[in-house]
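**Student:** Here you go, one structure.
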Amino acid sequence: MFEHIDAYPGDPILTLNENFARDPREHKVNLSIGIYYDDEGRLPVMGAVREAEAQLLAEPAAKPYLPMAGMADYRDAVQSLVFGDDSPARAERRIATVQTLGGSGALKVGADFIRRYFPDAQVWVSDPTWDNHRFIFERAGFTVGTYPYYDEATGGLKFEAMLSAIRDLPAKSVVLLHACCHNPTGVDLSDAQWVKLIGAIKQRELLPFIDMAYQGFGAGIDADAFAIREMVRQNVPAFVANSFSKNFSLYGERCGALSVICESPDSAARVLGQLTSAVRANYSNPPTHGAKIVARVLATPSLRQSWEDELASMCRRIARMRGEIHARLRGNVPEPMLARYLDQRGMFTYTGLSAGQVDVLRERHGVYLIRSGRMCVAALNDRNVGAAAAAIGEVLSNGDLIGAEPRSLAASFDVSSKPGRRVGS
Ligand code: LMR
């Protein structure tokens with residue numbers, strides 16, 4: 001019956017993280033998955049989350065199914081955080097929001113909806129992007145291509161090439177964009193670039209799908225949502241996936257949402273209905289616990305303040321670790337590959353290390369990065385930063401080792417290697 005089932009080669013991020021857990025070496029360092037760890041290397045339980053959870057546990061409640069679209073308070077809190085309290089689109093009831101299983105659930109529900117109502121659309125993602133973007137949209141039945149984004153030579157953005165490629169796309173193409181803290185490169189658009197890009201999207205009648213998994217880890221909670229609010233300002237219909245995995249440190253609770261900016265309250269009601277039907281067809285209705293925590297924190301001024309303060313301190317710690325690794329790599333890493341440790345934003349630095357170099361780092365030194373060269377700087381701390389920097393320095397200076405190591409722990413999966421269709425150069 002199952003002879004024809006292929007072996008799963010694994011996921012470039014999650015399987016690697018599972019391999020890390022199995023690695024018996026004590027000195028191993030996990031800079032692979034996008035998770036924030038504190039100075040002690042622990043996954044934090046944020047103060048506001050702990051307090052909200054304690055309050056909820058003191059108020060035992062039955063656990064009925066949530067509505068298919070999710071908890072009303074949570075959906076309202078999402079809209080206010082993502083679009084702003086004073087968003088005109090909110091006031092005009094033009095935003096359809098459903099609670100989803102994390103940001104990935106939002107992408108999948110959105111992909112199913114688009115596949116049903118825009119069956120001829122193609123999806124375009126940045127080159128490179130988070131590996132799961134391609135996977136989710138391909139599995140939903142789309143052809144996925146790339147538009148230019150990251151400039152390997154400078155560690156920055158190829159904005160003009162990106163803009164001109166997007167101007168060439170057929171109407172109703174889906175353009176996947178990262179609101180802030182681009183994953184995997186840490187390279188974002190400036191506000192002025194967003195304004196220009198959104199103008200082009202509007203003119204070409206494209207369908208932007210914005211993924212905001214890192215709100216608060218870039219320039220601040222509101223500043224990170226600039227692109228989304230600019231879409232509202234320019235009256236551009238758009239899909240927005242957001243997640244509380246990182247900014248609430250609630251990874252396993254799978255708290256996310258999908259919002260669609262519509263032209264009228266009437267279309268928002270119909271879109272909400274069909275998003276709800278996509279939820280029902282996928283997993284029926286979302287879970288309760290994490291959503292209650294997020295809604296409680298965001299609606300309680302003292303908890304909200306505590307959450308904002310702690311998130312800001314997490315960002316300061318990441319910035320400090322960027323400085324630490326930069327200082328330790330100076331002299332060992334060529335200058336053009338060094339500035340990006342300071343300049344790139346959010347949880348990641350796109351180091352420029354090759355897959356072969358990453359393999360040697362992992363096999364020989366127990367330092368895990370994603371094979372695209374993405375490093376999670378949010379997992380550095382005072383105890384592991386020296387070892388990570390020394391290992392990178394050694395790998396770079398021993399060119400003859402590169403790619404020559406056995407890859408017993410390296411999965412056979414490869415990342416960012418599927419070129420697919422490309423637009424622009
Ligand atoms: C990451 O990019 O490492 C995280 O978003 C975790 C994941 O699901 O890939």
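1 is the number of the first residue of the sequence shown in the UniProt record's numbering; add one for each residue after it. Think of the CB as a built atom: it goes at the ideal place given N, C-alpha and C, for glycine as much as any other residue.
1) Quick one: is T351 buried, meaning 16 or more other Cβ sit within 10 Å of its Cβ, or exposed?
2) Output the residues surrounding the ligand LMR, defined as those with a CB atom closer than 5 angstroms to any ligand heavy atom, in chain order.
3) Would you tell me roughly how many angstroms separate the C-alpha atoms of M314 and D38, rounded to the nearest one?
4) Starting from M162, trace the alpha helix (DSSP H) both ways and give me its first and last residue.
5) I need the DSSP call for R37, collapsed to helix, strand or coil.
6) Are the CB atoms of P208 and V232 nearer to each other than 7 angstroms?
7) If you check the beta carbons only, do Y147 and V423 fall under 7 angstroms apart?
8) For E335, which of L396, E363, A388 and C376 has the nearest alpha-carbon?
9) Does the structure place the segment 47 to 55 close enough to the segment 267 to 278 that three or more beta carbon pairs sit under 8 angstroms?
10) Distance check for H289 and A299, CA to CA, integer angstroms please.
11) Could you check whether the segment 65 to 77 touches the segment 91 to 103, counting it as contact only if at least three pairs of C-beta atoms, one from each stretch, sit closer than 8 angstroms?
12) Counting C-beta neighbours from all protein chains within 10 Å, is the total for R421 16 or more, i.e. buried, or is it exposed?
13) Taking the beta strand (DSSP E) that T146 belongs to, which residues open and close that run?
14) Do the CB positions of R374 and P184 come within less than 7 angstroms of each other?
15) Going by alpha carbons, who is nearest to Q203 out of G220, D191, G218 and P237?
16) Tell me which residues share the same chain as F113 and place their Cβ nearer than 7 angstroms to its Cβ, disregarding the 5 neighbours each side in the sequence.
17) So does the segment 246 to 265 actually touch the segment 116 to 125, counting three or more Cβ pairs closer than 8 angstroms?
18) Please report the Cβ distance between A241 and G84, rounded to the nearest whole angstrom; I am assuming they are in contact, meaning their Cβ atoms lie under 8 angstroms.
19) For M212, collect the residues of the same chain with a Cβ closer than 6 angstroms to its Cβ; drop the 5 residues on either side in sequence, then sort them by chain order.
20) Quick check on D188: does DSSP put it in helix, strand or coil?
21) Would you kindly work out how many angstroms separate the C-alpha atoms of P67 and R280, rounded to a whole number?
**Tutor:** Let me spell this out:
1) The residue labelled residue 351 in the question sits at position 351 within the sequence shown. Buried, because 16 or more other Cβ atoms sit within 10 Å of the Cβ of T351.
2) I13, I33 and G34
3) The sequence position of residue 314 within the sequence shown is 314, counting from 1. The sequence position of residue 38 within the sequence shown is 38, counting from 1. Each residue's Cα considered, the two are about 8 angstroms apart.
4) Looking up residue 162 in the sequence shown gives position 162. Looking at the DSSP string, the run of the alpha helix (DSSP H) that includes M162 is F159 to R167.
5) On the sequence shown, position 37 is the one that residue 37 refers to. A small correction: the amino acid at residue 37 is Tyr; Arg does not occupy that position in the sequence shown. It is coil, neither helix nor strand.
6) As a first step, residue 208 must be located in the sequence shown, where it is residue number 208. As a first step, residue 232 must be located in the sequence shown, where it is residue number 232. No, Cβ-Cβ distance for P208 and V232 is not below 7 angstroms.
7) Here the question's residue 147 lines up with position 147 in the sequence shown. Here the question's residue 423 lines up with position 423 in the sequence shown. Contact annotation: Y147 and V423 have beta-carbon atoms nearer than 7 angstroms.
8) Within the sequence shown, the letter at position 335 stands for residue 335. Among L396, E363, A388 and C376, the Cα nearest to that of E335 is on L396.
9) no
10) Numbered from its first residue, the sequence shown carries residue 299 at position 299. Numbered from its first residue, the sequence shown carries residue 289 at position 289. C-alpha separation (whole angstroms): 16 angstroms.
11) yes
12) Counting from 1 along the sequence shown, the entry for residue 421 is found at position 421. By the 10 Å Cβ count, R421 comes out exposed.
13) On the sequence shown, residue 146 is found 146 positions in, with the first residue counted as 1. Unbroken beta strand (DSSP E) run through T146: V144 to P148.
14) Within the sequence shown, residue 374 is the residue found at index 374, counting from 1. Within the sequence shown, residue 184 is the residue found at index 184, counting from 1. Yes, these two residues count as a Cβ contact at 7 angstroms.
15) Walking along the sequence shown from the start, residue 203 turns up at place 203. Nearest option by C-alpha distance: P237.
16) On the sequence shown, residue 113 is found 113 positions in, with the first residue counted as 1. Contacts found: Q274, L275 and A278.
17) Short answer: they don't touch.
18) If you number the sequence shown from 1, residue 241 lands on position 241. If you number the sequence shown from 1, residue 84 lands on position 84. Not really, about 18 angstroms apart at Cβ, beyond 8 angstroms.
19) If you number the sequence shown from 1, residue 212 lands on position 212. Closer than 6 angstroms at Cβ, skipping near neighbours: A179 and N242.
20) Residue 188 sits at position 188 when you count from the first residue of the sequence shown. D188 falls in the coil class under three-state DSSP.
21) Within the sequence shown, numbered from 1, the residue matching residue 67 stands at position 67. Within the sequence shown, numbered from 1, the residue matching residue 280 stands at position 280. Between P67 and R280, the C-alpha separation is close to 10 angstroms.
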